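Chains as they are written, first to last, in the numbering used here: chain A, 716 to 1187; chain B, 565 to 790.
Shown next as structure tokens:
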């Protein structure tokens, strides 16, 4: 990626994001918006249910009145209609009803209005205006009805209702304002809470970035999403730390145990360069030097294989395999070596034991175990290779021998790179064999266990078990 | 044999070229992938020896893929510092015929080069292999020497078959491990030697002329003349 196209990254340990970049602010804004919207919906429903209902009630009353009066006119004519209006006005206790009946010439026949309102221009439609009702100015609503030779106006005084509406409006405005304030305050709280919950995670990440691999995200008891994030980060960090230790282990091992043979080879070559008196001697020294180098690159290869297995990089090579077949091959391979040392190599393998794993590495692991067993068991001894599936589905591969065994302190140290028990110092070997076995076990999700093959007997012998999950 | 060596490291290239020439082969050398591809595509070679990581934009795998894409079936031996099993698989999948990890002994390289160049022809499958008075019947899976029938185990039979298919050529221990046991692993000790010497005892017992010879610093060879 070129410098031009690379997006600018915040500097390490950067200040918290600017206000508009803050995810906390975005969540908070979203919260405010949701809250405000729900308040608006609430108010709208409230309004529709109160002020709107009042409005609809008035309109319905006016319409019913107008229909009734029209009926009356049909039955009793203009005179009857005027009487009915007067009668209704007399009975109207709340003094809300407004009527006006004019004849064709515009003379008032009945009603409590002085003049025809200017807005009541079309038949059958509602209109609103300010009128003088009993000498007091009032807001009223009308319906105009045209009858042959007559004009009828039916209405209601709405002053009180309008007053109520005003009160309602005021209430709505206040509560909306209040809820908006609460929303904003809530948003600020959310933002702060988010920031506070994320702060330790952020700090941990910064700590890791600056090289402190031991930093971990502190977890709360709540087990919420943030704890899950923190737990995920911690697991990741544990894994990274293990890998880093592995790498450090390899470089320590290289520094320590590769340098020794390199130094030895170098000094031998240098010495023979100065001291060799014949060509044959020089030739022998060079040959020895090449053999030393080959040995060094073997150690190197083993180290790389261990690192590869420990990093889990080879899980891609996992495939279904039948374990007894692989183990049988290994046994057959070492059969000859055992026989050459007058030992018996016995196998106890089931007919079939399918599993998923890395064939080459499993063979390498068992080969290392058999190699050790054959090497450390005295002539005439017995080496056994067995495999079985336990009731819980896990698989055990065991190599045991009738050799001298290992002291229990040494048993726990086996598997450390280059560890060699004191007694084995004079036997050829790199000390990497069991580390590789352990790494292979771990790669397959299993463990390596050591014990006495025949506890109490002398010599106790050594048994090494690979315990692998069955994966079924 | 005419061999194309594509290798960017000057020292390794010089060493391999000199060694192969001393063994009687003609060697052309290209120092980067593009020149190598050009040579391999335009001239006739019996074998290509390729480094996997090459400068010039065309690495070993690409080179082989391109050649195979053009229908060129020249055998390819990879030389590589990438030793992981996945890398080997990648190289062989791309069309390589063999894979040798650096650092290597020249004897190992030479043995593999000769094995590749004189691969048993697939067209006429032999049913019988013969070296001197030793005969191997691939159908009945029996081994006889002179008039004497020799009992061998299945693995020993495969071991002997491999040696006899490459009679007169050096077969190294790693080649036996890969071809006869079909595993890629480090056998720690000289287990291959133990297997070979056991087979040798069975074959030579009662005969005064040994057939399986140990080639110092290299491996084994089966041949009639001592």
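Glycine included, C-beta positions come from ideal geometry on N, C-alpha and C. Predicted, not measured: the structure shown is a model, and the values here were computed from it.
Taking 4 residues as the minimum length, the alpha helix (DSSP H) runs contained wholly in the region 719-768 of chain B are 737-740 and 755-768, in order along the chain.
Between residue 765/A and residue 883/A, the gap from beta carbon to beta carbon is short of 8 Å. If one requires a minimum length of 3 residues, the beta strand (DSSP E) runs lying completely within the region 1077-1131 of chain A are 1097-1104 and 1110-1116, in chain order. In the structure shown, residue 765/A falls within a coil segment according to DSSP collapsed to helix, strand and coil. One thing to note: residue 1152/A has its Cβ no nearer than 8 Å to the Cβ of residue 1100/A.
Contact between residue 570/B and residue 618/B holds: CB atoms are separated by about 6 Å, below the 8 Å threshold. Contact of residue 707/B with chain A is not assigned, every C-beta pair being separated by 8 Å or more. Look at residue 647/B: its C-beta is under 8 Å from a C-beta on chain A.
The Cβ atoms of residue 672/B and residue 736/B sit closer than 8 Å to each other. Scanning its chain for C-beta atoms nearer than 6 Å, with the 5 sequence neighbours on each side dropped, one finds around residue 902/A the residues 743, 746 and 747, in chain order.
With a threshold of 8 Å between beta carbons, residue 1003/A makes no contact with chain B. Here the region 1032-1044 of chain A makes contact with the region 1055-1064 of chain A; the two share three or more CB pairs at distances below 8 Å.
Buried is the label assigned to residue 589/B, since at least 16 other Cβ atoms lie within 10 Å of its Cβ. Ranked by Cα distance from residue 924/A, the options 952/A, 1111/A and 982/A are led by 952/A. By DSSP's assignment, residue 570/B forms a beta bridge with 594/B and 614/B.
The Cβ atoms of residue 622/B and residue 601/B lie closer than 8 Å to each other. Residue range 640-644 is occupied by the beta strand (DSSP E) that includes residue 643/B. Under the criterion of beta carbons closer than 8 Å, residue 639/B and residue 681/B qualify as touching, at roughly 7 Å. Residue environment: residue 974/A is assigned as exposed (fewer than 16 neighbouring CB atoms within 10 Å of its CB, all protein chains considered).
Check the Cα spacing between residue 729/B and each of 746/B, 699/B, 665/B and 605/B: the tightest is with 699/B. Near chain B, meaning a CB-to-CB distance below 7 Å, the residues of the region 1035-1056 of chain A are 1044, 1047, 1048, 1049, 1051, 1052 and 1055.
Beta-bridge partners assigned by DSSP to residue 857/A: 842/A and 870/A.
Neighbours of residue 1016/A across chain B, judged by C-beta separation under 7 Å: 647 and 750.
Counting every other CB atom within 10 Å of its CB across the protein chains shown gives residue 1155/A a total of 16 or more, marking it as buried. Residue pairing by DSSP places residue 713/B opposite 708/B in a beta bridge. Within the region 733-759 of chain B, the residues whose Cβ lies closer than 7 Å to some Cβ of chain A are 745, 747, 748, 749, 750, 751, 752, 753, 755, 758 and 759, listed in chain order. Within the same chain, Cβ atoms closer than 7 Å to the Cβ of residue 1056/A are found at 1089 and 1094, the five residues on either side in sequence being excluded. Between residue 741/B and residue 756/B, the C-beta spacing is below 8 Å.
Contact annotation: residue 1051/A and residue 758/B have beta-carbon atoms nearer than 8 Å. Within 7 Å of the CB of residue 667/B, the CB atoms of chain A belong to 1012, in sequence order along the chain. Rounded to the nearest angstrom, the gap between the Cα atoms of residue 927/A and residue 1015/A is 30 Å.
Cβ contact annotation for residue 857/A (same chain, cutoff 6 Å, sequence separation greater than five): 835, 842, 868 and 870, in chain order. Interface with chain B (8 Å Cβ-Cβ cutoff): residue 1181/A is excluded. Nearest CB-CB separation between residue 652/B and chain A: not below the 8 Å threshold.
Collapsing the DSSP output to three states places residue 1035/A in a strand. When Cβ-Cβ separations below 8 Å define contact, residue 632/B makes no contact with chain A.
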